[in-house]
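Number of protein chains: 2
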Amino acid sequence: MNKRAGAPPTIIDVARQAGVSIKTVSRVMNKEPTVHADTRARVQEAVAALNYRPQLSARSLAGAKSFLIGLLYYDPSAAFVAGVQQGATLGCREAGRHLVVESLQENGVDVQAQIESMLAALRPDGMILTPPLCDDPVILETLRANRTPCVLISPSDGGHGLPSVCMDDALAAEELANLLISLGHTAIAFIEGNQAASQRRRAGYERALKAHRLRVDPALIVPGTFQFESGVDAARKLFALPHPPTALFAANDFMALGALTEAQRQGIAVPGDLAIVGFDDSDAASLVWPALTTVRQPLAEMAMAAVEMLLSGAARIDEGDAPPVRVLPHEVIVRGSSAAPAKGRA
Amino acid sequence: MNKRAGAPPTIIDVARQAGVSIKTVSRVMNKEPTVHADTRARVQEAVAALNYRPQLSARSLAGAKSFLIGLLYYDPSAAFVAGVQQGATLGCREAGRHLVVESLQENGVDVQAQIESMLAALRPDGMILTPPLCDDPVILETLRANRTPCVLISPSDGGHGLPSVCMDDALAAEELANLLISLGHTAIAFIEGNQAASQRRRAGYERALKAHRLRVDPALIVPGTFQFESGVDAARKLFALPHPPTALFAANDFMALGALTEAQRQGIAVPGDLAIVGFDDSDAASLVWPALTTVRQPLAEMAMAAVEMLLSGAARIDEGDAPPVRVLPHEVIVRGSSAAPAKGRA
DNA sequence: TTGAAAGCGTTACCAA
DNA sequence: TTGGTAACGCTTTCAA
Numbered sequence: 001m002n003k004r005a006g007a008p009p010t011i012i013d014v015a016r017q018a019g020v021s022i023k024t025v026s027r028v029m030n031k032e033p034t035v036h037a038d039t040r041a042r043v044q045e046a047v048a049a050l051n052y053r054p055q056l057s058a059r060s061l062a063g064a065k066s067f068l069i070g071l072l073y074y075d076p077s078a079a080f081v082a083g084v085q086q087g088a089t090l091g092c093r094e095a096g097r098h099l100v101v102e103s104l105q106e107n108g109v110d111v112q113a114q115i116e117s118m119l120a121a122l123r124p125d126g127m128i129l130t131p132p133l134c135d136d137p138v139i140l141e142t143l144r145a146n147r148t149p150c151v152l153i154s155p156s157d158g159g160h161g162l163p164s165v166c167m168d169d170a171l172a173a174e175e176l177a178n179l180l181i182s183l184g185h186t187a188i189a190f191i192e193g194n195q196a197a198s199q200r201r202r203a204g205y206e207r208a209l210k211a212h213r214l215r216v217d218p219a220l221i222v223p224g225t226f227q228f229e230s231g232v233d234a235a236r237k238l239f240a241l242p243h244p245p246t247a248l249f250a251a252n253d254f255m256a257l258g259a260l261t262e263a264q265r266q267g268i269a270v271p272g273d274l275a276i277v278g279f280d281d282s283d284a285a286s287l288v289w290p291a292l293t294t295v296r297q298p299l300a301e302m303a304m305a306a307v308e309m310l311l312s313g314a315a316r317i318d319e320g321d322a323p324p325v326r327v328l329p330h331e332v333i334v335r336g337s338s339a340a341p342a343k344g345r346a
Numbered sequence: 347m348n349k350r351a352g353a354p355p356t357i358i359d360v361a362r363q364a365g366v367s368i369k370t371v372s373r374v375m376n377k378e379p380t381v382h383a384d385t386r387a388r389v390q391e392a393v394a395a396l397n398y399r400p401q402l403s404a405r406s407l408a409g410a411k412s413f414l415i416g417l418l419y420y421d422p423s424a425a426f427v428a429g430v431q432q433g434a435t436l437g438c439r440e441a442g443r444h445l446v447v448e449s450l451q452e453n454g455v456d457v458q459a460q461i462e463s464m465l466a467a468l469r470p471d472g473m474i475l476t477p478p479l480c481d482d483p484v485i486l487e488t489l490r491a492n493r494t495p496c497v498l499i500s501p502s503d504g505g506h507g508l509p510s511v512c513m514d515d516a517l518a519a520e521e522l523a524n525l526l527i528s529l530g531h532t533a534i535a536f537i538e539g540n541q542a543a544s545q546r547r548r549a550g551y552e553r554a555l556k557a558h559r560l561r562v563d564p565a566l567i568v569p570g571t572f573q574f575e576s577g578v579d580a581a582r583k584l585f586a587l588p589h590p591p592t593a594l595f596a597a598n599d600f601m602a603l604g605a606l607t608e609a610q611r612q613g614i615a616v617p618g619d620l621a622i623v624g625f626d627d628s629d630a631a632s633l634v635w636p637a638l639t640t641v642r643q644p645l646a647e648m649a650m651a652a653v654e655m656l657l658s659g660a661a662r663i664d665e666g667d668a669p670p671v672r673v674l675p676h677e678v679i680v681r682g683s684s685a686a687p688a689k690g691r692a
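Heads up: the sequence lines are chains B and H, in that order.
For the record, in the first sequence the residue sitting at position 37 is 37 according to our numbering, with numbers rising by one throughout.
Add 346 to a position in the second sequence, counting from 1, and you land on the number used in our numbering.
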């Protein structure tokens, strides 16, 4: 009574081949300890011989897990998606899970319905949320109501009472500012962004100045939007100042690149007349001249950690305890755009 | 005999509520035409009232479809992943499918096993392959053996007898070269890459030169690797020529940016002394100064088309017929890096 | 340590 | 046009 050839083997085929019950095969596949070594070996042999792999849909229908992890994002930079995803897929593979990616519709029509629909259909074992979604109250509430474990990547301060993984933005910014200070700069401008991360970075920048007894000059702190153009505008304002800065710290690379462009247009030498540092180590940071001094976010590592937390149970939604927060180490990357101020001007 | 509260409603609950059999509910959910309008309305009402959504695992276990589309990639640029994925998730949502993303292990240990394992577990309704995987014979053979429909994105010429979607690289390159020629350039260098796309782009470049009766000078065609550094090296070689080119066409943006950097280092004005064009419209292309003239690949559109082909049955693996190939329109983006040659040199 | 049998929620075949 | 009922391939009680 062989199955029709071509059809993949099932647990029944394996059980028959190994001369055990399907339950025992199930135990072996799930690495349950209560199986005799000999039995286990026999089953594994049969599994290998038949090239058997359990089918996900059957497993998740019968059991409690879906073996699926969801990654939700909305309009992030390409580098961010790619980085996070690289880590998430890797983490999933190691855990025998699979990554389902959903990018939320542009026109946020009923975001809640979109998510509910996804949760109901997929029943993911957990969700990973990236900025700005990880700070969206509607989304967080929907997830909470569905009792789906989730981990936030770089949420704004507080983390909304949910488990999260992040890097120390303030510390990294402080290190970057310290670098500029140690090069001899005293007039260091800061271009802000419009997301939570920007505030943390600015805090680090100010901390470094104060620690070195340098004045935090409000005139040198200008707003931006994390976009290239806003960096251009900010730089234009700064260059027009009676006492322009000799160094410029942008809250992200895109704005730093905007400032760099504006400097080059105006014939301001970088790093000779002006040092520039950014944040994020975007692709472009190393593709311009001079290459940008910046900070690398450990995106892939953060996503891997998120998967781990999800599956280790660290992401259970227990009210009461403070949720776990993993802080991963960053890396300051020094390139050509930062140097000591020109002699005649410092 | 109510179900315990909190548990999501099942098809049985809906059937009871609507006073029909579960099979009828199933028919309505699957939009089968053989249901009376009144019955359909009653069922839909019950579905809405209970907020019912079919569970994927049960559907795929019982039926023939998994409602899953797989996206396989390996070490692509961030922009490429992000673009393709955006389109793929959108296409999936419209088709009621979900996108499972797998990034192949770095150390290509037994790629075949990785894929087989994924196919066996997930039984995806179709797979989307991106370069360079879509040209890997082992992978293609594995997929074919598993009878999994798949669509290749930008495969090398021939398309391996499988359905594919692409843009017209040669035509785009020809347009770009024509642009340079129309600006007055006659000595146009070409930096090659090491993937199939590079050859198509070079073909377009040569076609444009020949059409304008310009000489294709082998000395002006230098190899590269699609990496930034190889653009630097290539530019260095070209600049050292007795008669350096007045325009430079790089097979992708990264190499164009490398050339731009080298030009700036040597004090060669761009676009004044040297026009530079790239290919891909990477993020960085618009983040440098001068911004790069380049070609935008319709990545998201290509991925959407791939999903459509997969689900419309256009991607069936029929031996015999020529497989479908969808060619999507590209966009030449003219920015600051291209201009007419300086008077004294042309 | 092992197994028998009862689900899991849906689709699909065959009757009515 | 509808409905019963048997799969689908696995996990999970509960016994042995």
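From the three backbone atoms N, C-alpha and C, an ideal C-beta is built for every residue, glycine too.
Keep in mind it's a predicted model, so treat the numbers as computed, not measured.
Spell out the partners DSSP gives Phe249(B) in its beta bridges.
Note: Phe249(B) sits in a beta bridge opposite Phe190(B) and Val277(B).
Strictly below 7 Å CB to CB, what residues from chain H border Pro8(B)?
Here the neighbours are Ala466.
Three-way DSSP call (helix, strand, coil) for Val371(H) in this model:
Helix.
So Val288(B) packs on Val634(H), CB below 8 Å; how close in whole Å?
Their Cβ separation, rounded to whole angstroms, is 5 Å, which keeps Val288(B) and Val634(H) in contact under 8 Å.
For Glu102(B), return the contacting residues in chain H, with the cut-off set at a CB-CB distance below 8 Å.
Simply Thr435, Arg439, His444 and Leu445.
CA-CA distance, Ser463(H) and Ala7(B)?
Each residue's Cα considered, the two are about 15 Å apart.
Compile a chain-ordered list of the residues in the segment 560 to 575 of chain H whose CB is closer than 7 Å to at least one CB of chain B.
Hits within the stretch, in order: Phe574.
Taking beta-carbon pairs under 9 Å, can you tell me which members of the segment 267 to 297 of chain B lie near chain H?
For the segment 267 to 297 of chain B, which is checked against every Cβ of chain H, the residues closer than 9 Å are Ser282, Asp283, Ala284, Ala285, Ser286, Leu287, Val288, Trp289, Pro290 and Ala291.
Using a 10 Å radius around the Cβ and a threshold of 16 neighbouring Cβ atoms, would you call Ala668(H) buried or exposed?
Using a 10 angstroms sphere on the CB of Ala668(H), the tally of other CB atoms stays under 16, which defines it as exposed.
C-alpha distance - Ala208(B) paired with Val307(B), whole-angstrom precision
Those two C-alpha atoms are separated by around 34 Å.
C-beta contact flag for Gly472(H) and Pro495(H) at 8 Å:
Yes.
Give the list of continuous beta strand (DSSP E) stretches no shorter than 3 residues that lie fully inside the segment 479 to 543 of chain H.
Correct list: 496 to 499, 510 to 513 and 534 to 537.
Name the chain H residues whose beta carbon is nearer than 7 Å to that of Arg265(B)?
Per Cβ cutoff of 7 Å: Trp635.
Taking the alpha helix (DSSP H) that Ile115(B) falls in, what are its first and last residues?
Val111 to Leu122 is the extent of the alpha helix (DSSP H) around Ile115(B).
What is the DSSP secondary structure of Thr435(H), counted as helix, strand or coil?
Secondary structure at Thr435(H): helix, using DSSP grouped into helix, strand and coil.
Nearest-angstrom Cα separation, counted from Leu489(H) out to Lys3(B):
Here the model assigns Lys3(B) a pLDDT of 49, short of 50, so the residue's position is not dependable, and the following value carries that caveat. Those two C-alpha atoms are separated by around 22 Å.
Per-residue burial, Pro675(H) [other beta carbons within 10 Å of its own, 16 or more giving buried]:
With a 10 Å radius around the Cβ and a threshold of 16 neighbouring Cβ atoms, Pro675(H) comes out exposed.
Specify, as a first and last residue, the run of the beta strand (DSSP E) that Arg213(B) falls within.
Counting along the chain, Arg213(B) falls outside any beta strand (DSSP E), and DSSP gives it neither H nor E.
Among Leu620(H), Pro588(H), Ile415(H) and Pro590(H), nearest to Ala602(H) - alpha-carbon criterion
Nearest C-alpha to Ala602(H): Leu620(H).
Cross-chain neighbours of Gln55(B) in chain H, by beta carbon under 8 Å:
Ordered by position in chain H, the residues that pass the 8 Å Cβ test against Gln55(B) are Leu407, Ala466, Ala467 and Arg469.
Tell me the DSSP bridge mates of Glu331(B)?
Bridge partners of Glu331(B): Arg296(B).
Cross-strand partners of Gly70(B) (DSSP beta bridge)
The bridge partners DSSP lists for Gly70(B) are Val100(B) and Met127(B).
CB contact flag (Val332(B), Glu175(B), <8 Å)
With respect to the 8 Å criterion, Val332(B) and Glu175(B) are classified as neighbours on the basis of their beta carbons.
Quick check on this structure: which residue in Pro163(B), Asp38(B) and Leu119(B) has the alpha carbon closest to the alpha carbon of Leu68(B)?
A check of alpha carbon separations from Leu68(B) across Pro163(B), Asp38(B) and Leu119(B) identifies Leu119(B) as the nearest.
Just to confirm the assignment, what range does the alpha helix (DSSP H) spanning Asp233(B) have?
Unbroken alpha helix (DSSP H) run through Asp233(B): Phe228 to Phe239.
In whole angstroms, what separates the C-alpha of Pro470(H) from that of Arg493(H)?
Taking the CA atoms as reference points, Pro470(H) sits about 11 Å from Arg493(H).
Check the C-beta distance from Arg547(H) over to Ala519(H) and give it rounded, since I have them as a contact under 8 Å.
A Cβ-Cβ distance of about 4 Å is found for the pair Arg547(H) and Ala519(H), placing them in contact under the 8 Å criterion.
Which of helix, strand or coil DSSP assigns to Ile567(H):
Strand at Ile567(H).
With the cut-off set at 8 Å, would you say Gly83(B) and Ala300(B) are in Cβ contact?
For Gly83(B) and Ala300(B), yes; Cβs fall inside 8 Å.
Within chain B, partners of Phe600(H) - CB distance below 9 Å
The contacting residues are Asp283 and Leu287.
Strictly under 8 Å for the Cβ-Cβ distance: is Ser66(B) near chain H by that measure?
Interface residue (Cβ-Cβ distance to chain H less than 8 Å): Ser66(B) is classified as such.
Taking C-beta pairs closer than 9 Å, name the residues in chain H that Ser257(B) reaches, listed in chain order.
In the sequence under discussion, the amino acid at residue 257(B) is Leu, which differs from the Ser named in the question. Residues of chain H passing the Cβ test: Ala630, Leu633, Val634 and Trp635.
Does the beta carbon of Val427(H) come closer than 8 Å to any beta carbon on chain B?
For Val427(H), the nearest CB of chain B lies under 8 Å from its own CB, placing it at the interface with that chain.
The alpha helix (DSSP H) enclosing Arg16(B), as first and last residue numbers:
Annotation: the continuous alpha helix (DSSP H) that includes Arg16(B) extends over Ile11 to Ala18.
Any chain B beta carbon closer than 8 Å to Gln363(H)
No, Gln363(H) lies away from the interface with chain B (no Cβ there is under 8 Å from its Cβ).
Tell me whether Ala685(H) is buried or exposed, calling it buried when 16 or more other Cβ atoms sit within 10 Å of its Cβ.
Buried, by the Cβ-count rule.
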